[in-house]
DNA sequence: TGTTGCAATGCAATTTGTTGCATAGTAAGA
DNA sequence: TCTTACTATGCAACAAATTGCATTGCAACA
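Residue numbers (our numbering), protein chains in the order written: chain L, 327 to 518; chain H, 327 to 518.
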């Protein structure tokens, strides 16, 4: 399973509680994986059982107690072993794309709202990436360390995907207006 | 569930047997979804039960019998209803990216073989897309129908993603050689 | 004639992932 | 004070997906 390893990496980058991991994985900025808190707690329990991680309870005077997990040497070597295993190609899955294929047999204008939403969400994601990029990887005096370069490289793929999405959304919106003009759009065109 | 609808669309585009669907979904050319045959047979059975699709057994004289499914009017309207439902943003999931994040704490050179494999597979996929593009969407006298334009637009996103992947793989390979030169690469450089 | 491989369909067991709910404390505001 | 919202953890039930196996029939090849 990959969630195990995704969590291990995240914990390697920064020891955290399940709650923190859940928030990071929910936003999924630069993580390339996603999970809900229920799943995360389950996997953390399993990995602690297996000795890949260990926890320390941080008593919060004001906040609730937090169970902070850190990767053990055993976890580290499990990870090291895992990266040498062959990894299958990751298939893009997109519900929106299925809807577009379906809309080819129906009215594509029905998808304009969804398209606008996706465009907005990808825009937000890209902005978040850009902010992170500026904060962590540029404007420093020193050149980036090899570790940072790699982390940056992963982020770059995320950025490239968001840009691809955004360009596609814009193109597609224009296409729909061209092939299936809405009455109001037609009216606007005619009265202008 | 989306697999139901992905199969419905696929059957709308072309009535097929479970086996055919499995092959198409396995190659995942322009499909944006994926499933194994076991899962597909299960979902087909469920959808036939629900009246969304109906089957006709084609006796093969030489080949084995095929159970060919086609979408019913009920299935069609289920699809029409589904496309108006809000669709959550699709999160990119990539095992390879997790491995890169892990490799930042280990030796990134370990990922060079996996990187080359991914590069090759995305290259193959892109070539398949391009071949399909040429066959179905260009070189025709007539301009594309609105339906074709939409199908082409979906394919374009697939193409864009493959191109993004390929460019990233190439960049990353160069990066790894730069930050963690292999002994042989260094030797090559020094002797050249 | 046996073996390998492919087309075609499916069951069963297991693992992953989702949905719904529960609990408990803090903090802020109506 | 009551309600709302957020931090923090988790269980249980269910749905979806994967893995492993099984069967039948044909075709090609040694």
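Glycine included, C-beta positions come from ideal geometry on N, C-alpha and C. Please read these numbers as outputs of a predicted model, since none were measured by experiment.
Let me confirm a value: residue i is counted as buried when at least 16 other C-beta atoms fall within 10 Å, else exposed. Which label applies?
| i | result |
| --- | --- |
| residue 514/H | Residue placement at residue 514/H is poorly supported in this model, since its pLDDT is 49, which falls under 50; the coordinates still yield a value, given next. Exposed, by the Cβ-count rule. |
| residue 498/H | buried |
| residue 356/L | buried |
| residue 384/L | exposed |
| residue 512/L | The predicted model places residue 512/L with a pLDDT of 49, which falls under 50 and marks its position as unreliable; any figure quoted below should be read in that light. Counting Cβ neighbours within 10 Å, residue 512/L comes out exposed, since fewer than 16 surround it. |
| residue 427/L | buried |
| residue 461/H | exposed |
| residue 364/H | exposed |
| residue 504/H | exposed |
| residue 466/H | exposed |
| residue 389/L | exposed |
| residue 477/H | buried |
| residue 425/L | buried |
| residue 375/L | exposed |
| residue 361/L | buried |
| residue 332/L | buried |
| residue 464/H | exposed |
With a Cβ-Cβ cutoff of 8 Å, do residue i and residue j count as a contact?
| i | j | result |
| --- | --- | --- |
| residue 369/H | residue 382/H | no |
| residue 327/H | residue 483/L | no |
| residue 344/L | residue 366/L | yes |
| residue 475/H | residue 501/L | yes |
| residue 431/H | residue 338/L | yes |
| residue 279/H | residue 445/H | Here chain H comprises residues numbered 327 to 518, so residue 279/H is not present and cannot be evaluated. |
| residue 336/H | residue 329/H | no |
| residue 441/L | residue 495/L | yes |
| residue 276/H | residue 403/L | Outside the shown range of chain H (327 to 518) lies residue 276/H, about which nothing can therefore be said. |
Which chain H residues sit within Cβ distance under 7 Å of residue i?
| i | result |
| --- | --- |
| residue 506/L | 472 |
| residue 398/L | Per Cβ cutoff of 7 Å: no residues; residue 398/L is ~14 Å from chain H at best. |
| residue 358/L | 418, 419, 420, 423, 424 |
| residue 332/L | 424 |
| residue 475/L | 501, 505 |
| residue 328/L | 421, 424 |
Can you tell me which of the options puts its alpha carbon nearest to the alpha carbon of residue i?
| i | options | result |
| --- | --- | --- |
| residue 417/H | 435/L, 503/L, 448/L | 448/L |
| residue 406/L | 492/L, 334/L, 496/L | 334/L |
| residue 434/L | 467/H, 410/H, 339/H | 410/H |
| residue 397/L | 385/L, 427/L, 373/L, 388/L | 373/L |
| residue 415/H | 471/L, 459/L, 496/L, 352/L | 352/L |
| residue 481/H | 360/H, 472/H, 458/H | 458/H |
| residue 507/L | 472/H, 403/H, 421/H, 341/H | 472/H |
| residue 408/L | 392/H, 429/H, 399/H | 429/H |
| residue 454/H | 485/H, 399/H, 470/H, 443/H | 485/H |
| residue 479/L | 358/L, 436/L, 379/L, 399/L | 358/L |
| residue 399/H | 468/H, 380/H, 392/H | 380/H |
| residue 391/L | 349/L, 489/L, 342/L, 468/L | 342/L |
Taking Cβ-Cβ distances shorter than 7 Å, what residues in chain L pair up with residue i?
| i | result |
| --- | --- |
| residue 416/H | 419, 420, 421, 422 |
| residue 335/H | 424, 427, 428 |
| residue 432/H | 406, 409 |
| residue 436/H | 409, 410 |
| residue 354/H | 417 |
Start and end of the alpha helix (DSSP H) containing residue i?
| i | result |
| --- | --- |
| residue 395/L | Run containing residue 395/L: none in the alpha helix (DSSP H); it sits in the beta strand (DSSP E), 392-397. |
| residue 336/H | 328-339 |
| residue 379/H | From DSSP, residue 379/H is part of no alpha helix (DSSP H) but of the beta strand (DSSP E) over 379-384. |
| residue 350/L | 344-353 |
| residue 445/H | 438-463 |
| residue 358/H | Run containing residue 358/H: none; DSSP gives neither H nor E here. |
| residue 493/L | 472-505 |
In the DSSP assignment, find the beta strand (DSSP E) that holds residue i and state where it starts and stops.
| i | result |
| --- | --- |
| residue 415/H | Unbroken run through residue 415/H: none, as it is neither H nor E. |
Using a Cβ cut-off of 9 Å, pull out every chain H residue sitting near residue i, in sequence order please.
| i | result |
| --- | --- |
| residue 461/L | Chain H residues near residue 461/L: none, gap ~18 Å exceeds 9 Å. |
| residue 279/L | The structure shown does not extend to residue 279/L, since chain L is modelled only from 327 to 518, so the question has no answer here. |
Determine the chain L residues that contact residue i at a beta-carbon separation under 9 Å, and present them in chain order.
| i | result |
| --- | --- |
| residue 494/H | 479, 482, 483, 486 |
Using a C-beta to C-beta distance shorter than 8 Å, which residues of chain L count as neighbours of residue i?
| i | result |
| --- | --- |
| residue 338/H | 428, 431 |
| residue 498/H | 479 |
List the residues of chain H whose Cβ lies closer than 8 Å to the Cβ of residue i, in chain order.
| i | result |
| --- | --- |
| residue 447/L | 415 |
| residue 490/L | 483, 486, 487, 490 |
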